[in-house]
Structures are given as C-alpha cells and as structure tokens.
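Visitor:
2 protein chains.
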Amino acid sequence: MTQLDSIFSHVDQNSADYVRRLGEAVAIKSVSGDAHHRPEVVKMANYIISWMDKLGVSHTSHDPGFQELDGSQVKLPPIILGTYGTDPAKKTVLVYGHYDVQPALKSDGWTSDPFTLVEDEQGRLFGRGSTDDKAPILSWLWVIEAHQKLGVDLPVNIKMCFEGMEESGSEGLDELIVQEAKGYFKGTDYVCISDNYWLGKTRPCLTYGLRGIAYYKLTIAGPAKDLHSGVFGGTVHEPMTDLFAIMSKLVAPDGKILVPGIYDQVRPLTDKERGTYNGIDFALPDYEGAVGGKVVIQDNEHEVLMSRWRYPSLSLHGIEGAFYSAGAKTVIPAKVTGKFSIRLVPDMDPAEVHRLVSTFIASEHAKLNSKTVCTVEPLHGARAWLADPEGPSYAAASKAVQRVFGVKPDLTREGGSIPVTLTFQENLGVSVLLLPMGAADDGAHSINEKIDKKNYIEGIKLLATYLHEVASA
Amino acid sequence: MTQLDSIFSHVDQNSADYVRRLGEAVAIKSVSGDAHHRPEVVKMANYIISWMDKLGVSHTSHDPGFQELDGSQVKLPPIILGTYGTDPAKKTVLVYGHYDVQPALKSDGWTSDPFTLVEDEQGRLFGRGSTDDKAPILSWLWVIEAHQKLGVDLPVNIKMCFEGMEESGSEGLDELIVQEAKGYFKGTDYVCISDNYWLGKTRPCLTYGLRGIAYYKLTIAGPAKDLHSGVFGGTVHEPMTDLFAIMSKLVAPDGKILVPGIYDQVRPLTDKERGTYNGIDFALPDYEGAVGGKVVIQDNEHEVLMSRWRYPSLSLHGIEGAFYSAGAKTVIPAKVTGKFSIRLVPDMDPAEVHRLVSTFIASEHAKLNSKTVCTVEPLHGARAWLADPEGPSYAAASKAVQRVFGVKPDLTREGGSIPVTLTFQENLGVSVLLLPMGAADDGAHSINEKIDKKNYIEGIKLLATYLHEVASA
C-alpha cells in the first residue's frame with residue numbers, strides 16, 4: 001500500500017493547513033439551537049459547499065422548511081447531499097456528519113474564546129465544534145483533496161449527508177432519509193459516521209451498538225388550581241404525594257428497574273459477548289473522574305460497561321408543574337408531570353415497554369386509593385441499535401486502525417442514542433459503522449471543547465485508510 | 001346602647017363616603033413585592049397618616065431600613081404606630097393591619113382595572129386590596145371619626161400598628177414588636193386583627209387558632225455535575241432516585257404523615273373541642289368548589305375542618321435542581337433539593353419536629369445503601385397559635401357579632417400561619433383576637449379581589465361595637 005504511505009506523508013506535511021482550516025470552520029458560530037445564530041449555520045453550510053465545489057463534489061441542498069424557535073418561524077438550514085464518484089464498479093460509502101454546534105459563551109467558563117481555535121502546548125485544539133463534528137466532516141473532504149493532489153484514485157464512491165440541525169433535533173433528517181432511500185441514497189453499500197468518541201484517551205475504537213430510549217410523561221392531576229398548603233393541606237389528595245409514591249416504585253437506588261417484565265426482553269449475555277469486554281481500554285478511576293464523584297454503583301470495569309451498554313437503565317429527570325425555584329413556597333401544585341426515561345437495549349421493543357410501564361403505573365396508582373387522575377404518555381421511543389462487528393465494514397475499519405495506530409481497536413457500544421444510525425440501517429438496509437476520531441475527554445457539549453491535533457491528523461489518515469480497506473472488502 | 005345605635009345610623013348614612021374613600025385607597029398601587037411600586041406603598045402610608053392627622057391620632061413612623069429587592073437596595077416602607085387616647089382608666093386595644101397589597105395586573109384576568117374600585121349590581125366592591133387589608137384598616141379610622149362626629153366618647157384607648165410589608169415577609173415587624181414590647185406597645189390589654197376571612201359567605205366568625213409551619217430542604221448530592229442519562233444511566237447512584245425514595249416515605253396518599261413520632265405531640269381531641277365543630281357554617285360542596293375538583297380526602301365537614309385546623313399536614317412542594325421545563329431532557333441531575341413542609345398544631349414544637357424529621361430521613365437514606373450524600377435543613381419554623389376563645393376579648397367580639405348581625409359567630413381556626421399573631425401574643429403577653437370582616441369568597445390574593453359592601457359597612461359597625469363591648473369586659 002504505497003499509495004496510502006504517500007497519502008499519510010501528504011497529510012503530515014499539510015497538518016498546519018488542516019488546523020488553519022478547522023479554525024476557519026470553528027470561527028463560524030453555527031449554533032443551531034438559537035434563532036439569532038441561524039445565518040451562521042447557513043454560512044457554515046456554504047463553507048462546506050465551497051469546498052465541495054473546489055473538490056468537484058457534486059451536491060444538492062435539501063431544504064427541510066421551517067421550524068418554530070424562540071416563538072417565531074425560522075428557516076431550517078439545508079441538509080447537504082454530496083456525491084463524489086459514481087463508478088458502478090466501486091463500492092459506495094455514505095458518510096454522515098453535522099456542521100452545527102452546541103451553544104457556547106465565554107462566560108460559561110471557557111478559558112479562551114469558544115469560536116477562536118486555540119492550540120495549547122499539549123497540541124490540544126480548543127474551540128466549539130472542534131471535535132463535534134467539524135473536524136470529522138472536514139476530514140472527509142481533506143481525504144478527497146489528498147487523493148486529488150497526489151493523483152491517487154479514490155477506490156470508492158462517496159456520498160455525503162451533512163446536516164445543520166443535529167444538536168437541535170435533526171429536524172427533517174429522518175423524513176429525507178426515508179424519502180430518498182431509493183433515490184439519492186440508493187446504491188449505498190456501507191454507512192460510516194464519525195460523530196462519537198473513543199472510550200478512553202489513547203486507544204481508538206469502533207462502535208457497534210447504542211441504547212435506545214423510551215421517554216415518559218407521568219401526569220397526576222388533582223385540584224383545579226394550585227392551592228395554599230396552609231389552607232388546604234391535609235384535606236386534599238395532593239398530586240405531588242401520588243407522583244412521588246409512583247415514581248419511587250420505578251427504580252431502585254442501585255439502578256435496578258422495578259417495572260415488572262422489563263428485564264424479560266433483555267437479550268441474555270453470552271460467554272462470547274462477555275469475552276468482548278476483556279482488555280477494553282477503560283479504567284474505573286477515569287470513569288469516576290468523569291462522573292466527578294464516588295457514586296459509581298458497580299465495583300469493576302466490566303460491570304460498569306455492561307450497565308452502560310447492554311442493560312437498560314431508568315432515570316428520573318424532573319417534574320413539570322411543581323415549585324422549582326430557590327426559597328420556600330407553600331404551594332400544593334394542582335397538576336404535576338414527572339419525566340423519566342428508560343434506556344432500551346436489544347431486544348426491547350418500545351411498544352412492549354410502554355405496555356409494561358403504563359400497566360404498572362396504573363396498578364400502582366390504583367393501590368394509592370387516591371382521587372387524583374393519573375395518565376402516562378410516551379414522548380418518544382427509539383429501539384436500540386446494534387451492528388454486526390464481524391461484518392466487512394468493521395473488519396475494514398479494524399484493519400485501518402491497526403495500520404494507522406498500530407493497535408487493535410476496542411469494540412465498544414454506547415449508552416446514548418444517535419437516532420440517525422437506526423434510521424440509516426433500517427431504511428437503507430446496510431451496515432452502519434461508527435468510527436470516532438475524538439477522545440473521551442474532548443468534552444463535546446461542555447466548555448473548553450477540544451480535539452487533540454493528533455486525533456485530527458491521524459483521524460484523516462484513518463478515514464482514508466478505511467475507504468481503501470472497505471473498497472476491497 | 002343608644003350610643004351604638006346612633007353610630008350605626010351614622011355609618012349607614014355615610015356608607016357612600018366610606019366606599020368613595022376605599023376607592024381612594026385602592027387607587028394607590030401599594031404593591032410591596034415590586035421595587036417599582038415602592039413609592040406608591042409610601043404614598044399609601046401617607047394617606048393613612050393624613051387621616052390620622054385629621055382625626056387627632058398621634059403617630060410615629062418606624063423606619064425598618066433597607067431590603068434587597070430585584071437586585072438593589074430598596075428602602076422599606078414605614079411601620080405606622082398610632083395612638084388615640086391615653087386614658088389610664090380605659091382599656092387599651094392594639095389593632096394591627098397592613099396597607100400594602102398583592103401584585104395585580106389587568107392582564108392576569110381581572111374583569112376591571114384592579115386599582116379602580118368598581119361596585120357591581122350585587123354590591124360587590126372589586127379592587128386590589130379592597131378586602132386585604134384596606135377596608136379593615138380604614139374601618140378603624142372611620143370608627144374614631146364616627147365617635148368624634150357624634151360626640152360619643154370612645155370607651156377604649158386605641159393603638160394602631162399598620163405595616164406596609166405584610167405581603168412580602170413583614171420585614172422588620174417582629175424586631176419592632178420585640179423592641180417596643182415594653183415601649184410603645186406597653187399597656188396593651190387586647191390585640192385585635194382584622195386580616196382574615198369568614199369561613200363561609202354569610203356567617204361571621206371569630207378566629208382563635210392558626211397552624212404553624214416547619215419548612216424543609218432535603219438535599220441529595222451525587223455526581224459533580226449534571227450527567228447525560230444515556231452515557232451514565234445505570235452506573236451511578238442518581239440523586240433523583242434517592243430523593244423520590246425518601247420523600248415518598250414522608251406522607252401517605254391519604255395525608256397521614258409517616259414520620260414516626262409526629263402525632264405524639266398532637267394535643268388530643270376532647271369531647272368539648274369536638275362539640276365546637278357542631279353547627280359551624282361550612283358545607284363540603286362549597287369546599288369542593290374552592291378546591292375545584294373532587295379530591296377532598298374526608299367525607300364529612302367536621303373531619304375536613306379538623307384536618308385543616310387541628311391536625312398537622314405534610315405537603316411536598318417541589319424540587320430545586322431538577323429538570324422542570326416542558327419537553328424531554330435526558331439529564332441525571334447532580335444535586336437536587338426537595339422542598340416540603342409540615343403544618344404544625346398544638347402542642348408540636350418545631351425543634352422536636354426537626355429532630356424527628358432529620359432522624360427519620362437519615363435512617364431512610366441509610367436504608368438505600370446509596371453513595372449519595374443526604375442533608376436536611378429547616379428553612380423556617382413557627383409554632384401554631386391558639387387563643388382562649390372563652391376569654392373576655394372573644395366574649396366581647398361574640399356579643400358584637402350578635403348585636404350587628406343577629407347571629408352567634410362561628411368559632412374558627414385556620415390552616416395557614418399569620419406569624420404576627422404569635423409574635424404579639426408571646427411578646428405582649430395578651431390575648432389576640434382575629435376578627436374578620438371579609439367573606440370566604442373575597443379572593444384576597446386572586447384576580448377580582450372584592451369585599452362586599454355589606455361586609456365593609458357592617459364591619460365598621462362590628463369594630464365599633466367590639467370596642468364598646470371590650471371596654472366593659
């Protein structure tokens with residue numbers, strides 16, 4: 001593979017330029033969650049399009065329409081669909097990424113301006129969007145550029161789907177994928193997404209599973225209006241009392257979900273799967289560091305990972321309608337809505353989970369002998385996603401990691417959801433690979449977000465190598 | 001009592017003028033909770049002072065200093081101390097009231113401008129402060145005026161304590177009462193407060209008891225920062241889980257407090273006390289109407305009243321630090337503070353209640369085997385207040401009600417707290433009487449606050465008659 005050697009050498013020689021260009025992208029405040037920044041999101045789309053034009057990537061911009069944001073109708077940024085190469089003899093890899101970012105203010109606690117890329121003496125590149133997801137999406141373009149400059153044939157066709165609303169609900173994306181499954185997306189052999197992170201700081205990983213989610217609103221209604229606890233306390237069934245009674249029955253302090261039947265749907269742990277946890281780059285003290293306190297339930301690494309990746313969890317998020325400020329208000333809230341969610345794993349079905357949850361809650365409410373009215377509403381549900389880590393795309397990615405980093409990647413799963421993963425897999429019927437570039441400590445949604453220069457530069461090589469490997473898979 | 005007959009006749013003849021003057025007072029927007037309205041609160045103080053001057057009531061204005069409000073230091077309105085008569089041969093009655101009002105905006109849902117007194121065809125006088133507490137405080141002045149105009153000797157000395165911060169924490173009042181107990185307040189024989197309401201709409205009452213309160217913050221701390229439930233769910237002890245577990249153990253859905261030992265301090269119900277509930281003007285359907293829903297726990301009037309007046313209750317008010325907005329946020333809150341309070345009755349002692357509550361919570365937290373940290377903090381505590389309804393002041397008030405309204409008053413208690421009641425009783429060592437003018441449906445803190453013209457005019461007669469009766473008690 002002397003072709004790749006020359007690519008690697010080119011990437012190393014141009015590393016300063018890649019950093020400079022990432023700085024250009026970071027300087028565009030493409031915050032999708034704030035209507036005032038919407039023009040910057042569009043500016044970022046145009047930045048990408050201008051690069052596509054330079055590199056001969058053909059593209060169309062899909063307009064998802066409008067959204068209501070901050071009380072007004074705001075035009076959504078385009079979903080950019082790029083095409084580079086249409087050779088029927090080659091495999092076609094669809095890459096997905098997003099060009100919008102999380103909000104960031106210097107006053108949130110950033111040590112430097114969030115929208116000015118700053119490199120420190122350890123080679124860390126600080127800036128909002130540096131790792132999430134500007135370095136990865138740009139890297140796909142730099143891979144194309146490197147091949148062009150060196151006159152090396154790119155051995156695959158590339159389709160690119162870059163959206164500008166990932167941090168704010170991916171408005172319009174699912175609909176587009178469904179609609180274009182047999183249009184633009186037709187002919188896709190593999191999907192590769194670089195939008196998550198290594199498990200630790202040093203060893204690359206391939207991610208083949210994500211938990212799903214079932215989010216619930218549990219509403220207890222009592223009096224017609226909020227009451228004064230002095231005047232009415234002791235004489236009315238209080239929605240808060242009933243809400244606490246029921247929500248306290250959902251999950252035990254050790255994390256065990258108490259809704260009967262929930263664990264019946266969980267795919268049993270096999271010896272083979274258990275074996276995959278051996279040697280994974282993960283240490284409990286690092287995890288406690290990320291949590292920021294000694295409140296980890298499990299006492300060994302494998303159990304922590306299994307609890308994050310392959311077992312369901314239930315979290316109580318909050319209450320809408322109750323008193324939430326500082327101080328001491330003597331209110332009996334009239335109607336309160338508890339929010340909780342269950343992280344789903346294979347083979348849990350959101351519909352069956354909803355049946356179990358609503359049946360359980362109804363029976364617990366009945367036990368209270370209360371005159372309040374109890375309703376359960378599922379807000380959204382998404383199945384867990386699981387890919388086959390032994391398929392050709394993963395094998396190609398594994399070889400690429402070994403080629404670039406000299407180590408076998410960890411095979412990881414994640415506890416959160418990336419809904420588009422499942423949408424691609426189910427609608428295109430192909431294998432989806434998560435191939436992260438950033439490290440565990442990049443702080444994607446936090447202050448002082450960064451990507452290590454090494455991760456960025458070696459990441460470009462990794463993506464290039466993956467394309468070469470998957471071409472011959 | 002031909003003197004009182006002439007007073008009654010004078011009051012009836014001047015009723016239009018009393019309504020006009022109440023309109024002048026209502027027009028002054030003396031909202032104490034908003035710094036922008038503070039000059040209007042002072043204006044209202046001056047309105048009262050100008051009447052005191054006209055009537056020869058000597059007065060001093062106590063300056064309680066400054067408070068922090070809306071982020072700046074705001075001067076507190078004066079506490080007006082008036083003195084009318086210093087005849088050592090007469091009894092001295094201290095009357096308390098407040099000249100500030102709750103906030104009100106037409107846009108809150110008022111059917112007319114809140115600061116323009118409007119009389120409807122049923123003789124209801126709508127306006128902010130009409131019943132709470134401008135009609136009552138002005139009525140004391142009209143009683144003095146009537147005596148002067150008719151040349152009738154007022155058979156008691158009157159001291160007046162009118163504050164302008166009652167709706168916003170009575171800043172500085174307790175300190176003044178303690179400080180002046182042996183100064184200005186010396187020689188007080190009876191305290192009479194007209195700042196609460198009849199139990200129903202037709203029959204007057206004397207109120208001789210109020211519940212106290214013990215307000216608690218229960219804080220559970222876990223991770224150093226809020227965590228993502230996808231990434232961390234299932235691996236950390238979640239403060240919300242533990243908070244719900246503990247708070248669900250405090251009170252049963254039927255209102256029974258579950259903290260061991262709480263009921264040991266509750267004064268037992270005697271047959272005599274039980275008898276006082278007979279014939280009270282109170283109907284369950286009216287109460288359900290006030291609650292606005294069929295969620296009343298008890299199925300008969302006596303039990304409802306006892307649960308409000310003479311038994312403790314525990315309400316869960318809310319959570320600080322958790323998710324409280326609309327929508328679906330997948331957060332594991334790092335530190336949450338549950339707010340709850342217990343309404344106290346005789347003979348509950350706030351210190352002993354705190355000991356029981358904190359011991360119980362500590363033991364419940366220990367049972368959870370959780371690594372979270374649990375702390376309980378009492379925010380404020382006030383004992384219940386109970387007067388002797390057979391004492392001379394109550395006997396005088398009872399005769400006054402019978403004289404003016406032709407019925408025996410109900411003897412009532414209330415579920416809420418009026419802290420100044422206890423402060424007067426404990427520091428002056430005299431009997432405190434609550435002698436309401438307004439009716440149950442006046443909506444003191446709500447939109448469309450009103451006082452019935454009949455309640456206002458007959459109320460002036462009631463206060464006058466009470467002073468005559470108590471003079472000879």
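Residue numbers (full-length UniProt numbering), protein chains in the order written: chain A, 1 to 473; chain B, 1 to 473. By construction, the Cβ of each residue, glycine as well, lies at the ideal position given by its N, Cα and C atoms. Keep in mind that this is a model prediction, so the values were computed, not measured.
Indicate the three-state DSSP secondary structure (helix, strand or coil) for Gly429(A) in the structure shown.
Guide: coil
Visitor: Report the three-state DSSP secondary structure of Asp108(A) (helix, strand or coil).
Guide: Reduced to three states, the DSSP call for Asp108(A) is helix.
Visitor: What does DSSP give as the partner residues of Gly56(A) in its beta bridges?
Guide: In DSSP, Gly56(A) forms no bridge with anything.
Visitor: Can you tell me where the beta strand (DSSP E) holding Tyr18(A) begins and where it ends?
Guide: Not the beta strand (DSSP E): Tyr18(A) falls in the alpha helix (DSSP H), residues 15-26.
Visitor: Just checking, does the segment 452-459 of chain A make contact with the segment 430-440 of chain A on the three C-beta pairs under 8 angstroms criterion?
Guide: yes
Visitor: Find out if the Cβ-Cβ distance for the pair Gly109(A), Leu117(A) is shorter than 8 angstroms.
Guide: no
Visitor: Count the other CB atoms within 10 Å of the CB of Ala397(A); is the residue buried (16 or more) or exposed (fewer)?
Guide: buried
Visitor: For the putative contact between Glu166(B) and His98(B), defined by C-beta atoms under 8 angstroms, what is the C-beta separation to the nearest angstrom?
Guide: The Cβ separation is near 3 angstroms, so the contact holds.
Visitor: Comparing C-alpha positions only, which one of Ile447(B), Val404(B), His445(B), Lys450(B) sits nearest to Pro204(B)?
Guide: Val404(B)
Visitor: With 16 other CB atoms within 10 Å as the buried threshold, where does Pro88(B) fall?
Guide: exposed
Visitor: Using the beta-carbon count (16 or more within 10 Å), is residue 485(A) buried or exposed?
Guide: Residue 485(A) lies beyond the residue range present for chain A, which begins at 1 and ends at 473; the question has no answer from this structure.
Visitor: From Ser168(B) to Ser32(B), what does the alpha carbon distance come to, in whole angstroms?
Guide: 6 angstroms
Visitor: Compute every distance between the C-beta of Ile457(A) and the non-hydrogen atoms of the ligand GDP, then say whether any falls below 7 angstroms.
Guide: Among the ligands in the structure shown, none appear at all, so the ligand GDP cannot be discussed.
Visitor: Report the neighbours of Ser307(B) on chain A: residues whose CB is nearer than 8 angstroms to its CB, in chain order.
Guide: Gly234, Thr235
Visitor: Does DSSP put Ile332(A) in a helix, a strand or coil?
Guide: strand
Visitor: What is the rounded straight-line gap between the Cα of Leu467(A) and the Cα of Val401(A)?
Guide: 12 angstroms
Visitor: Note down, in chain order, all residues in the segment 268-302 of chain A with a beta-carbon under 7 angstroms from any beta-carbon belonging to chain B.
Guide: Val291, Gly292, Gly293, Lys294, Val295, Val296, Ile297, Gln298
Visitor: For Pro39(B), name the three-state secondary structure that DSSP assigns.
Guide: In the structure shown, Pro39(B) sits in a helix (DSSP, three-state: H, G or I).
Visitor: What are the residues in the segment 368-402 of chain B lying within 8 angstroms of chain A by C-beta distance?
Guide: Flagged, chain order: Leu368, Asn369, Ser370, Lys371, Thr372, Leu379, His380.
Visitor: Determine the chain A residues that contact Pro253(B) at a beta-carbon separation under 7 angstroms, and present them in chain order.
Guide: His237, Thr241, Asp242, Ala245, Leu368, Asn369, Ser370
Visitor: In whole angstroms, what separates the C-alpha of Ser248(A) from that of Ala395(A)?
Guide: Per the coordinates, the alpha-carbon of Ser248(A) lies some 45 angstroms from the alpha-carbon of Ala395(A).
Visitor: Measuring CA to CA, which of Thr131(A), Asp195(A), Ile451(A), Leu227(A) is closest to Ala334(A)?
Guide: Leu227(A)
Visitor: Can the beta-carbon of Ile158(A) be found less than 8 angstroms from the beta-carbon of Tyr96(A)?
Guide: no
Visitor: Which one of Val420(A), Thr465(A), Ser446(A) has the shortest CA to CA distance from Gly209(A)?
Guide: Val420(A)
Visitor: Per DSSP, what kind of secondary structure is Gly459(A) in: helix, strand or coil?
Guide: Gly459(A): helix per DSSP, three-state reduction.
Visitor: Would you kindly check if the distance between the Cβ of Val57(B) and the Cβ of Thr83(B) is under 8 angstroms?
Guide: yes
Visitor: Does the structure place the segment 360-370 of chain A close enough to the segment 260-267 of chain B that three or more beta carbon pairs sit under 8 angstroms?
Guide: The segment 260-267 of chain B vs the segment 360-370 of chain A: no contact.
Visitor: Using a Cβ-Cβ distance cut-off of 8 angstroms, determine whether Ser32(B) contacts chain A.
Guide: No - not a single Cβ of chain A is within 8 angstroms of the one on Ser32(B).
Visitor: Count the other CB atoms within 10 Å of the CB of Glu273(A); is the residue buried (16 or more) or exposed (fewer)?
Guide: exposed
Visitor: Go ahead and pull the three-state DSSP assignment for Ser229(B).
Guide: The three-state secondary structure of Ser229(B), taken from DSSP, is helix.
Visitor: So, does the segment 322-336 of chain B touch the segment 315-330 of chain A, judging by three or more C-beta pairs under 8 angstroms?
Guide: yes
Visitor: Step through the CB atoms of chain B and report whether any lies within less than 8 angstroms of the CB of Tyr215(A).
Guide: yes
Visitor: Identify the continuous alpha helix (DSSP H) that holds Phe244(B) and give its terminal residues.
Guide: 239-247
Visitor: Is the Cβ-Cβ distance between Ile80(A) and Asn427(A) less than 8 angstroms?
Guide: Between Ile80(A) and Asn427(A), the gap from beta carbon to beta carbon reaches 8 angstroms or more.
Visitor: From Ala283(A) to Asn300(A), what does the alpha carbon distance come to, in whole angstroms?
Guide: The straight-line gap from Cα to Cα measures roughly 9 angstroms.
Visitor: Could you tell me the boundaries of the beta strand (DSSP E) in which Phe66(B) lies?
Guide: 66-69
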